[in-house]
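Residue numbers (this note's numbering): 677 to 735.
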Amino acid sequence: MDATEKNFDIVERILEILAEKKCTVRQSEDILRYVGSEVRERSTVQSAKREDGHQGWSM
């Protein structure tokens, strides 16, 4: 993940939702794993090499 303000804002919102719903660590991990699979299933974003050589995503 790139260390951008947008990404950190998204992370913070996700963590707030998980805390608000009183999710355990295990539940949170399962939810995030499921979300990751749904993103890959629904996404039209293609994987691409970034300028720094790391694997990343481009739109």
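All residues carry an ideal CB built from backbone N, CA and C; glycine is no exception.
(request) Could you spell out the range, first to last residue, of the alpha helix (DSSP H) harbouring D685? (result) Run containing D685: E681 to E696, per the alpha helix (DSSP H) assignment.
(message) Going by DSSP, what residue range makes up the alpha helix (DSSP H) through S704?
(response) Start and end: V701 to R718.
(request) Look at the alpha carbon of V701 and the alpha carbon of T680, and state the distance between them as a whole number of angstroms. (result) The alpha-carbon of V701 is positioned some 25 Å away from that of T680.
(message) Less than 6 Å between C-beta atoms, sequence neighbours within five positions excluded: which residues of the same chain meet that for E705?
(response) Excluding positions up to five away in sequence, the list is empty.
(message) Between which residues of its own chain and C699 is the CB-CB distance below 8 Å, once the five residues before and five after are set aside?
(response) The beta carbon of C699 sits closer than 8 Å to the beta carbons of I707 from its chain, once the five residues preceding and following it are set aside; these are given in chain order.
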